[in-house]
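**Student:** The number in the working numbering is simply the position in the sequence shown, starting from 1, with 2 added.
Cβ atoms here follow ideal geometry from the backbone N, Cα and C, with glycine treated the same way.
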Amino acid sequence: MKRALVTGAAGFIGTQLVKTLLSKDYDVSALIEKNDTKSENKLVSISDKINIIKELDSGKKYLPFDVVYHLATVGIRPGFNNIDMICDVNIKMSCKLVDFAKDNRSGLLVNFGSCFEYGDHGNVLLTEDMDCRPESLYAISKVSSVNLTTAYAKQKEVSLITVRPFGVFGEGEGNTRLAPSIIANCLEGKKIKTTAGEQIRDFVNVKDVAKAIVALSEAKYQKYEIYNICSNNPVTVKSFITEIVDICGFDRGLIDFGALPYRENEAMIFAGSNEKLQNVIGYPFPNNHKDGILDIYNDMKEEHT
């Protein structure tokens, strides 16, 4: 039985990653903060087979993990500016996990970066070899983490890859994000003001993201490389919102496109190329949105009945 350690296991993507690993008969351990009873209860509700670790001791204390997935992060929420926490979690913790993986003789460390590292490159699909132009503290910390962690892993001879997910949505997504907020308001019959929706994005189902990341970690990846996790199927925000409304059977008249202005300096095209990923995982990354939309809708419909 393969063994995996997951940080950030109770988060949006982490939860689906844990479920995917369990479905593939991995022995899963989850690292959480000492007093984080909310995360512990959430993980226990998924499976009583998950090993909860509340403090990361020397890697030598544990049997070797085949893979360590590092998802724990802070600062993605706009306006978050606790620089000490951003540096401690997004940068220092990544390097500490390199030390852990070295001592533990772990097979692979999968470091989670962010599509926001790229910044605005204009009207092109973003590829892993492009230079990064981060703007937010979160994005800057992620670029720093990837650069420092990769260099440190090479020095320590620890196998490492970095993944950069794009536009993740679906089951377990926060209620304030795009798809859940559209569905929640439509369920209540509220009219929704949006921008004109001409922005182009790559929306990917969180379940497909988790599956691809596990497949990548099991495949013949190139050490120290970066892989975009996206569908290669960019769409306008307007078409995505319209798809949500149609799939859930809502009235299109509830959406008031163009009622809100675009954010200042908003990137109108922000989508990636998944060619590098496809060459490794060996199967076509799904590019439909229906299943992820229905996962959100069905959960929210229960809450509204």
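Contact between the stretch 137–157 and the stretch 99–111 is defined here as three or more beta-carbon pairs at a separation below 8 Å; is this criterion met?
**Tutor:** Segments in contact, yes.
**Student:** What separation, rounded to the nearest whole angstrom, lies between the Cα atoms of residue 177 and residue 108?
**Tutor:** Here the question's residue 177 lines up with position 175 in the sequence shown. Here the question's residue 108 lines up with position 106 in the sequence shown. Those two C-alpha atoms are separated by around 36 Å.
**Student:** Looking at the structure shown, is residue 9 part of a helix, part of a strand, or coil, going by DSSP?
**Tutor:** Locating residue 9 in the sequence shown gives position 7, where the first residue counts as 1. Reduced to three states, the DSSP call for residue 9 is strand.
**Student:** List, from N- to C-terminal side, the beta strand (DSSP E) runs of 3 residues or more that fit wholly inside the stretch 146–185.
**Tutor:** 162–167
**Student:** I think residue 201 touches residue 148, with their Cβ atoms under 8 Å apart; what is that distance to the nearest whole Å?
**Tutor:** The residue given as residue 201 occupies position 199 in the sequence shown. The residue given as residue 148 occupies position 146 in the sequence shown. Actually they do not touch by this definition, with Cβ atoms about 25 Å apart.
**Student:** Could you check the C-alpha separation between residue 126 and residue 273 for me, to the nearest Å?
**Tutor:** Locating residue 126 in the sequence shown gives position 124, where the first residue counts as 1. Locating residue 273 in the sequence shown gives position 271, where the first residue counts as 1. Approximately 8 Å between the Cα atoms of the pair.
**Student:** Relative to the C-alpha of residue 208, which residue among 135, 299, 88 and 167 is closest?
**Tutor:** On the sequence shown, position 206 is the one that residue 208 refers to. Nearest option by C-alpha distance: 167.
**Student:** Can you say whether residue 219 is buried or exposed, counting buried as having 16 or more other CB atoms within 10 angstroms of its CB?
**Tutor:** Position 217 of the sequence shown, counted from the start, is the residue given in the question as residue 219. Answer is buried; the Cβ neighbour count reaches 16.
**Student:** Indicate whether residue 71 and residue 112 have their beta-carbon atoms separated by less than 7 Å.
**Tutor:** Within the sequence shown, the letter at position 69 stands for residue 71. Within the sequence shown, the letter at position 110 stands for residue 112. Closer than 7 Å, so yes.
**Student:** Can you tell me the Cβ-Cβ gap for residue 172 and residue 294, rounded? I've got them flagged as a contact below 8 Å.
**Tutor:** Along the sequence shown, one-based indexing puts residue 172 at 170. Along the sequence shown, one-based indexing puts residue 294 at 292. Right, the Cβ-Cβ distance comes to about 4 Å (below 8 Å), so this counts as a contact.
**Student:** For residue 44, does the count of other Cβ atoms within 10 angstroms reach 16, so buried, or fall short, so exposed?
**Tutor:** What you label residue 44 is simply residue 42 of the sequence shown in a count that begins at 1. Classification of residue 44: buried, given that the 10 Å Cβ count is 16 or more.
**Student:** Grab me the residues of residue 42's own chain with a C-beta within less than 7 Å of its C-beta, minus the 5 sequence neighbours each way, in chain order.
**Tutor:** To locate residue 42, count along the sequence shown from 1; it is residue 40. Here the set comprises 34 and 54.
**Student:** Taking 8 Å as the limit between beta carbons, can you name the residues of its chain near residue 133, skipping five residues before and five after?
**Tutor:** Within the sequence shown, residue 133 is the residue found at index 131, counting from 1. Counting only Cβ-Cβ distances below 8 Å, and skipping sequence neighbours, we find nothing.
**Student:** Any idea if residue 22 is buried or exposed, counting beta-carbon neighbours within 10 angstroms, 16 or more meaning buried?
**Tutor:** Your numbering for residue 22 matches position 20 in the sequence shown. Residue 22 should be labelled buried.
**Student:** Quick check on this structure: which residue in 27, 12 and 13 has the alpha carbon closest to the alpha carbon of residue 216?
**Tutor:** If you number the sequence shown from 1, residue 216 lands on position 214. Closest by alpha carbon: 27.
**Student:** If you draw a straight line from the C-alpha of residue 52 to the C-alpha of residue 6, how long is it?
**Tutor:** Taking the sequence shown and counting its residues from 1, the one referred to as residue 52 is at position 50. Taking the sequence shown and counting its residues from 1, the one referred to as residue 6 is at position 4. The C-alpha of residue 6 is placed about 10 Å away from the C-alpha of residue 52.
**Student:** Grouping DSSP H, G and I as helix and E and B as strand, with all else coil, what is residue 206?
**Tutor:** Stepping through the sequence shown from its first residue, residue 206 is reached at position 204. Strand at residue 206.
**Student:** Under the rule that 16 or more other beta-carbon atoms within 10 Å means buried, what is residue 170, buried or exposed?
**Tutor:** Position 168 of the sequence shown, counting from 1, holds the residue named residue 170. That one is buried.
**Student:** To test your reading of the DSSP string, which unbroken beta strand (DSSP E) runs of 3 or more residues are found completely within the stretch 50–84?
**Tutor:** Secondary structure remark: continuous beta strand (DSSP E) runs of at least 3 residues inside the stretch 50–84, in chain order: 53–55 and 69–72.
**Student:** Mark residue 39 as exposed unless 16 or more other C-beta atoms lie within 10 angstroms of its C-beta, in which case mark it buried.
**Tutor:** Locating residue 39 in the sequence shown gives position 37, where the first residue counts as 1. With fewer than 16 other Cβ atoms within 10 Å, it is exposed.
**Student:** In terms of residue numbering, what span does the beta strand (DSSP E) encompassing residue 297 cover?
**Tutor:** In the sequence shown, the residue the question calls residue 297 occupies position 295. Premise fails: residue 297 lies in the alpha helix (DSSP H), 292–305, not in any beta strand (DSSP E).
**Student:** Could you check which residue in 128, 47 and 247 has the C-alpha nearest to that of residue 185?
**Tutor:** Residue 185 sits at position 183 when you count from the first residue of the sequence shown. Minimum Cα distance to residue 185 is reached at 247.
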